[in-house]
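> Residue numbers (the numbering used here): 80 to 551.
Even glycine gets a Cβ: it sits at the ideal position worked out from N, Cα and C.
None of the values given here were measured: they were computed from a predicted structure.
Here you go, one structure.
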């Protein structure tokens, strides 16, 4: 463009001024101060020469370069103070950068390092020592956390072998100090986690508070909670049993006229004598219960391998145990279908068996089957009873108890037809110290007929001081 072209109406247009070349050296001095825990402050304070109001960038080194974390300007005395919060833990590099302004060159202060640690976290739990089968446990969680963490994730875990399995997770908003941790100065983690108890056993529980960018994780103490069955309903008095459930008319006729207050009914099992049980329905159960009768559920499954009965268990203890587990599930299902609720007993009927001389397989198989049956019935919430003759199954259960064998039946019902109407086993097959405290039935008279209310029925007679079914 010519000079003439810049003349408009006799006025010469000015050419744009070239940008000033920075010639003045900028000097930056600064000091880094910081909190040693994540979430706390980071502060850069110092001076930068040059005009008032110079921009100042507080920067942190990252994998992708320097990142500005706070900005400010110098004041009238050339001082600056920039403050922000740390967002994690580790060792970091920081610097202050002052960009070009006018004729003042850009400059960076010296690089400083800061080592920031995660905040501590603590957690404890409390749980009842016992929980009733089928119920949930309220696990109380109390802990402390950093003032910088607003929400913490609390994980309830249950031991599973050598590992821990998560059973519940909650997000918990931290509360003020002292809310649930007495004397604490840190913010508190306070919550209750509902844990659905397993079917049986004594599982171990713990809580893990997950880590955040600012705080460590924490693992609580471990507590063991024993799963127990519901307190059984006990009947003490006279009971009878019959291979088939009597009809309602018979039960009504015997109610109040006979000395009996409880009746044993065969709810299932491949070996029960009457497999149809035409009278035994849930409505029959409800009706006789309403009439005041107590019910004794009996399950007659596979029998000892050293009998001549049709359905026998294997002599192999492992196979016998597997069968016991399967038949226990069937027993619990049968009880439930009739309206007999968890907390009821189910009595395993193991008829008389004679172990041949030198035989080493029959008795161990019966014990393996029975222990597996007991365990599996417990997992369904039912008490496990065991019926047998004093001279066979009962004496072997007594011997197992004396030897310290675990997993034995909760209740013993022994058949000793001695005509003695009490729950004392006079033959010494059952020690007087075993299965005491409302855990015995005695079948003292075998098959015979009795007439009450003008109705005759063939029965076995029993002295009873043991649990009966819970109906509902």
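(1) At which residues does the beta strand (DSSP E) containing residue 409 begin and terminate?
(2) Quick one: what's got a C-beta closer than 6 Å to residue 227's C-beta in the same chain, skipping five residues either side?
(3) With a floor of 3 residues, list each beta strand (DSSP E) that falls wholly inside the stretch 109-152, ordered by position along the chain.
(4) For residue 378 versus residue 417, is the C-beta distance shorter than 9 Å?
(5) Quick one: what does DSSP say residue 388 is sitting in, helix, strand or coil?
(6) Exposed or buried, which one is residue 205 when buried takes at least 16 other CB atoms within 10 Å?
(7) Output needed for residue 80: all residues of its chain with C-beta closer than 8 Å, excluding positions within five of it in sequence on either side, in chain order.
(8) Less than 8 Å between C-beta atoms, sequence neighbours within five positions excluded: which residues of the same chain meet that for residue 490?
(9) Ordered along the chain, which non-local residues of its own chain (more than five positions away) have a Cβ less than 6 Å from that of residue 171?
(10) Using a Cβ-Cβ cut-off of 7 Å (strictly less than) and excluding sequence neighbours within five positions of residue 351, which residues of its own chain qualify?
(11) Name the residue from 285, 266, 472, 113 whose alpha carbon lies nearest to the alpha carbon of residue 242.
(12) Starting from residue 363, trace the alpha helix (DSSP H) both ways and give me its first and last residue.
(13) Quick check: does the Cβ of residue 479 come within less than 8 Å of any heavy atom belonging to the ligand GDP?
(14) Mind reading off the beta-carbon distance from residue 184 to residue 130? Whole number of angstroms is fine, and I expect it under 8 Å.
(15) Indicate whether residue 186 and residue 159 have their beta-carbon atoms separated by less than 9 Å.
(16) Residue 174 lies in the alpha helix (DSSP H); which residues open and close that run?
(17) What are the uninterrupted segments assigned as beta strand (DSSP E) that are 3 or more residues long and contained completely in the stretch 268-294, given in chain order?
(18) For residue 444, does the count of other Cβ atoms within 10 angstroms reach 16, so buried, or fall short, so exposed?
(19) Go ahead and label residue 505 buried or exposed: buried means 16 or more other beta carbons lie within 10 angstroms of its beta carbon, across all protein chains shown.
(20) Between residue 265 and residue 543, how many whole angstroms is the CB-CB distance? I'm expecting something under 8 Å.
Quick answer:
(1) Not the beta strand (DSSP E): residue 409 falls in the alpha helix (DSSP H), residues 396-416.
(2) 118, 293
(3) 120-127, 134-141, 144-152
(4) no
(5) coil
(6) exposed
(7) The predicted model places residue 80 with a pLDDT of 42, which falls under 50 and marks its position as unreliable, so this point remains unresolved.
(8) 424, 426, 462, 463, 464, 465, 514, 518, 519, 520, 545, 546
(9) 139, 193
(10) 345, 379
(11) 285
(12) 361-369
(13) As far as ligands go, the structure on display features none, and thus does not contain the ligand GDP.
(14) Not quite, the Cβ-Cβ distance comes to about 13 Å (not below 8 Å), so this is no contact.
(15) no
(16) Taken as a continuous stretch (DSSP letters only), residue 174 belongs to no alpha helix (DSSP H), being part of the beta strand (DSSP E) at 169-177.
(17) 283-288
(18) buried
(19) exposed
(20) Going by Cβ atoms, the distance from residue 265 to residue 543 rounds to 60 Å, so no, they are not a contact pair.
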